[in-house]
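Position 241 of the sequence shown, counted from 1, bears residue number 329 in my numbering, the numbering being contiguous throughout.
Yeah, the Cβ is synthetic: ideal placement off N, Cα and C, and Gly gets one too.
Only a predicted model underlies this, so the values are computations on that prediction, with no experimental measurement involved.
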Amino acid sequence: MTTDDDARTTTDIRDIPESELDQAMDLVCLAFHLKLADKTRTYHRDLLQDCARIGAYDGGRLVGVAGAHRLDFSVPGGQLPCAVLDFVSVAPTHRRRGVLASMMDELWRRCADEGRPVSCLWASESGIYGRFGYGAATESLRIEIDSSRPLALRITPDSRPLRLIDPADAPAVLAPRYDATLPQRAGRFVRDEFWWRNGVLDLDGARGGDDRDGFGAVRVVVLGAPGEVPAGYAVYRTRGSGDVRAGTVSVEELEADSAPAAAALWSYLAAIDLTSTVRVPARPADDPLLYLVADRDQVRVTAQEPSLWIRLVDVHAALTARSWAAPVDLVVDLRDTALPVNAGRFRLTAGPEGATWHPTDEAPDLSLDVRELASCYLGGTPLRHFVHAGLATEHTPGAVRRLDAALATEWLPFIAESD
Ligand SMILES: CC(C)(COP(=O)(O)OP(=O)(O)OC[C@H]1O[C@@H](n2cnc3c(N)ncnc32)[C@H](O)[C@@H]1OP(=O)(O)O)[C@@H](O)C(=O)NCCC(=O)NCCS
């Protein structure tokens, strides 16, 4: 495929062959200002190798790279295949000439070929992807716990034993507890052994391993008896301090099947000797921790930020694949300038039995952009927030309330991974 868009560059869009993986990695390092250790570069090169690889070529020279991981992720009521965009890099000599836009068109073509109705990504800058129809679909909180004193709780923690396990055993031990969260919270990736090893656990040290900002080896604490699916677990690292009592605990992931189980794990993390702060880079906005602590001043939310962005590449397939919490029947006028095949007026009829999405000429009850639909799709942001912000329009009173009730989920969507 060739793009030749007036003042924009003429670029060939095609597969990046394996023989050019090093060139592609050089471009990624150039665009992201990275100086990677050999081990880390090899890890990323291997990841890119396993991706769908889209290259933009100017006169045979690679000037744009986009990779897409082929993964499944949780949506309300099930799982969907998605294309997780990564490695997006354009040479500084070719920026703002439509190279990314051309690679995006190619990505969507491949999504259609492979039956992936959704594309996901983490954005390096929030300003980039809205124009391509991506909406922030999950949010995460950064949390800091003052652990210079015991964590005061309003509930009784689970009293079962806690044990530290060998991180090498963690994928097998933790996976059943993590997998049990998939039907509960949308926006989570289905993990295989590779994602466990190299993602949250970083067992091979390819992503910084034992020396991330001075934090030590990964620790895994599990609640419950050996041989049982854990009632909860936490993956964390610690860092000492010049002041011997003021070390920091960094919690990379914590899952629990109940509030008492979560309380037991948070209490443990807040009571580790010679530490006075627990930092958590990503927690769901409805984390029960915020409510079960007795002294809310002890748990500070230091940031709230968009996390996973999603794009409904095939709106019909995405809407009919998710579950719906309440019946709704209305006409939506959907804008999608980047992927007009999705645009038009559609009647959405949805409920506990499933959904249909058919073209219609009837007057719309609601008008909105595919970007806002993406932000609502996992149950993250109610549509009314976008109506209040002037980004969607309600033509029939009550239509937004009915659609929000149908889209609602018990738990907010959340993903712990940040990249
Ligand atoms: C971000 C990046 C991929 C954009 O590539 P590009 O080829 O310059 O983008 P395009 O020319 O196709 O831009 C398409 C549109 O997005 C806009 N856009 C691109 N980058 C943007 C940014 N960082 N912020 C806001 N808008 C941006 C362009 O202005 C253009 O808008 P228009 O259609 O209204 O004219 C490139 O600048 C880059 O490699 N940056 C460093 C690495 C990075 O941040 N990658 C993204 C990882 S998530």
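Cβ of residue i versus every heavy atom of ligand 1: is any distance shorter than 6 Å?
i: R508; result: Given a span of 89 to 507 for the chain in the structure shown, any question on residue 508 remains unanswerable.
i: V187; result: yes
i: E194; result: no
i: E213; result: yes
i: A119; result: yes
i: I216; result: yes
i: V178; result: yes
Could you say which of the options lies nearest to residue i if we only look at CA atoms?
i: G350; options: D375, A156, E498; result: Reading off the sequence shown, one finds Ala at residue 350, where the question assumed Gly. Closest by alpha carbon: D375.
i: D345; options: V163, L311, R251; result: L311
i: T444; options: P428, A406, V458, P470; result: A406
i: R237; options: V416, S364, D160, A426; result: S364
i: V389; options: L150, S177, C208, P372; result: P372
i: H446; options: E227, Y131, T437; result: T437
i: Q392; options: F175, I101, A224; result: A224
i: V339; options: E505, R198, A179, L422; result: E505
i: C199; options: V178, W210, L173; result: L173
i: P452; options: Y145, P485, L168; result: P485
i: N430; options: D417, G328, G221, A263; result: G221
i: D257; options: D267, L291, A240, F277; result: L291
i: R459; options: L418, I398, W354, A414; result: I398
i: V116; options: V176, L377, V488, A496; result: V176
i: W354; options: L118, S395, P245, M192; result: P245
i: G512; options: C464, A125, G467, A494; result: Outside the displayed span of the chain (89 to 507) sits residue 512, for which this structure offers no information.
i: D385; options: S235, A154, T269, D201; result: S235
i: G400; options: A352, T497, L378, S463; result: Checking the displayed sequence, the identity of residue 400 turns out to be Leu instead of Gly. Out of A352, T497, L378, S463, S463 has the C-alpha closest to the C-alpha of L400.
i: E441; options: T481, L427, A494; result: A494
i: L150; options: D301, G215, E108, A334; result: E108
i: W412; options: G432, L491, V419, V153; result: L491
i: R248; options: P348, L422, L118; result: P348
i: L422; options: P169, A260, R435, R219; result: R435
i: L241; options: Y379, R333, S455, V419; result: Y379
i: A370; options: P501, Y145, P318; result: P501
i: V317; options: F277, R285, G296, T269; result: T269
i: W499; options: L466, G215, A263; result: L466
i: F303; options: V153, L262, L377, R367; result: R367
i: D114; options: T99, L136, G439; result: L136
i: Y217; options: D201, M192, E202; result: M192
i: G166; options: L188, A274, L195; result: A274
i: L418; options: L377, S212, A260, E482; result: E482
i: G432; options: G439, V403, A409, P415; result: V403
i: L479; options: L456, H121, G296; result: L456
i: I243; options: R285, L377, L118; result: L377
i: A319; options: D267, A334, G155, I503; result: D267
i: F282; options: R300, V381, A382, A263; result: A263
i: G155; options: D201, L195, L461, I503; result: L195
i: L118; options: Y131, Q272, G152; result: G152
i: G287; options: V261, G315, A313, V323; result: V323
Less than 6 Å between the CB of residue i and some heavy atom of ligand 2, yes or no?
i: I233; result: Among the ligands present in this structure, namely ligand 1, ligand 2 is not found.
**Study point:** alpha helix (DSSP H) runs contained entirely in the stretch 281–351, provided each spans 4 or more residues
**Key:** 281–286
Review point. Which ranges would you report for the beta strand (DSSP E) in the stretch 394–461 if only whole runs of at least 3 residues count?
Key: 397–400, 416–423, 432–439, 442–447, 454–457
Point to revise | Sufficient close CB pairs (3 or more, under 8 Å) joining the stretch 227–247 to the stretch 470–480 | key: no
Exercise for review: Decide if the stretch 303–319 is in contact with the stretch 248–268; the criterion is three or more beta carbon pairs, one per stretch, under 8 Å apart.
Suggested key: They touch, by the three-pair rule.
Review point. Between the stretch 132–143 and the stretch 102–109, do at least 3 Cβ pairs fall closer than 8 Å?
Key: yes
Check your understanding: Do the stretch 199–212 and the stretch 150–167 meet, that is, are 3 or more Cβ pairs less than 8 Å apart?
Key -> The stretch 199–212 vs the stretch 150–167: in contact.
**Study point:** Three CB pairs or more closer than 8 Å across the stretch 170–185 and the stretch 356–363
**Key:** no
Review point. Can you list the beta strand (DSSP E) stretches of 3 or more residues lying completely in the stretch 223–288, in chain order?
Key: 227–234, 250–253
Check your understanding: Where in the stretch 122–170 do unbroken runs of the beta strand (DSSP E), each at least 3 residues long, occur, reported from the N-terminal end onward?
Key -> Correct list: 140–146, 149–163.
Practice item. Run through the stretch 197–227 for me and flag every whole beta strand (DSSP E) of 3 or more residues, listed as ranges in chain order. Key: 206–209
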